[in-house]
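Numbering (my numbering), first residue to last: 983 to 1080. Virtual Cβ for every residue (Gly too), placed ideally from N, Cα, C. Bear in mind the structure is a predicted one, so any value in this text is a computation, not a measurement. One structure is given here, and the rest of the page talks about it.
Here is the structure:
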């Protein structure tokens, strides 16, 4: 899950296009994995992706007329990243599932 700060005007029907982008759209020759996109605020989008392709979010935003100004990953799978500092990592506990 990723939160993206954006600037610019979204094209008409842009949010619907972002949510449908997993149906037959390709990026660098690969079929894009499913994505759920929603507005979190006037300038912030939340992306929920499975198997993100590097550059996918930038491509998706660019396709609807938005420019990314900042990006932050909130979680990987079921694991929240809020308690980890940049560059820090940890082993999963035996009861945790990724």
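**OP:** Report yes if the CB atom of residue 1012 is closer than 7 Å to the CB atom of residue 983, and no otherwise.
**Re:** no
Subject >> Nonlocal neighbours in the same chain, by C-beta distance under 8 Å from residue 1040, ignoring five residues either side >> reply: 1050
Original post:
Which class does residue 1039 belong to by DSSP, given the choice of helix, strand or coil?
Top reply: helix
Original post:
Expressed to the nearest angstrom, what Euclidean distance is found between the alpha-carbon atoms of residue 988 and residue 1044?
Top reply: 10 Å
Original post:
Taking the Cβ atom as the reference point for each residue, do residue 1009 and residue 1038 lie within a distance shorter than 7 Å?
Top reply: yes
**OP:** Apply the 10 Å Cβ neighbour rule to residue 986 and answer buried if 16 or more other Cβ atoms are within range, or exposed otherwise.
**Re:** buried
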